[in-house]
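Each residue of the sequence shown is one higher than the one before, starting from 243 at the first, in the working numbering.
Okay, structure first, notes after.
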Amino acid sequence: MTFYEQEIRRIRNLLYSNQFQIDTVIATKNFIDGNSEKDLNLNLLSKILFTSKYHLQRLFKRHYGLTPKQYLINIRINKSKELMKKGVSVTETCFAVGFESLGSFSSLFKSRTGRPPIQYIKEQLSRSN
């Protein structure tokens with residue numbers, strides 16, 4: 243085997259391993275997007291995608307700038323905004339988007355948007371009038 247053949251194999255191995263990582267990260271994002279209202283955690287995602295949970299978390303953060311949990315929370319907050327704009331109550335919204343606790347939903351919503359959910363609803367109602 244010549245030097246050039248060895249280099250081609252080495253480069254091919256690098257590319258395929260990187261492509262596998264990219265495919266894993268994209269599959270993770272797509273799974274979260276499609277199942278955001280379900281109870282998702284890093285253990286479940288890593289089992290579904292047959293990879294280490296820590297490796298998956300590092301890859302996801304490297305490609306998207308957020309951990310899978312942070313990404314999931316952002317999706318849930320955005321969906322909750324849409325539901326509340328339509329007039330759904332805070333409690334119904336909380337459970338519809340996948341949160342298990344009204345308290346954790348309210349505190350996360352406030353930390354991400356700067357105001358509590360009930361204030362967000364009031365603002366939306368005043369804008370529509």
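Glycine included, every Cβ here is placed at the ideal spot set by N, Cα and C.
The structure presented is a predicted model; accordingly, all values stated were derived computationally and were not measured.
request  = Look at the alpha carbon of T309 and the alpha carbon of Q366, and state the distance between them as a whole number of angstroms.
outcome  = Taking the first residue of the sequence shown as position 1, residue 309 is located at position 67. Taking the first residue of the sequence shown as position 1, residue 366 is located at position 124. Whole-angstrom Cα-Cα distance: 30 Å.
request  = Would you mind working out which of I315, V267, E324 and L298 sits nearest S278, comparing C-alpha positions?
outcome  = If you number the sequence shown from 1, residue 278 lands on position 36. Comparing alpha carbon positions, the residue from I315, V267, E324 and L298 closest to S278 is I315.
ask   = Between V339 and K321, is the Cβ-Cβ spacing less than 8 Å?
value = In the sequence shown, residue 339 corresponds to position 97, counting from 1. In the sequence shown, residue 321 corresponds to position 79, counting from 1. Yes. Within cutoff.
task = May I ask you to report which of helix, strand or coil DSSP gives D265?
result = On the sequence shown, residue 265 is found 23 positions in, with the first residue counted as 1. It is helical.
Segment contact, 8 Å Cβ cut-off, at least three pairs: the segment 321-330 with the segment 281-291 = No, the segment 321-330 does not touch the segment 281-291.
ask   = How about the segment 340-354 and the segment 295-305: do they share at least three Cβ pairs that are nearer than 8 Å?
value = Segments in contact, no.
Three-state class that DSSP yields for P358 in the structure shown = On the sequence shown, position 116 is the one that residue 358 refers to. If DSSP states are grouped into helix, strand and coil, P358 belongs with coil.
task = Would you kindly report the start and end of the unbroken alpha helix (DSSP H) that includes E342?
result = Your numbering for residue 342 matches position 100 in the sequence shown. Counting along the chain, E342 falls outside any alpha helix (DSSP H), and DSSP gives it neither H nor E.
inquiry  = Quick check on T244: buried or exposed, where buried means 16 or more other Cβ atoms within 10 Å of its Cβ?
reply    = By one-based count along the sequence shown, residue 244 stands at place 2. Exposed: under 16 other Cβ atoms inside 10 Å.
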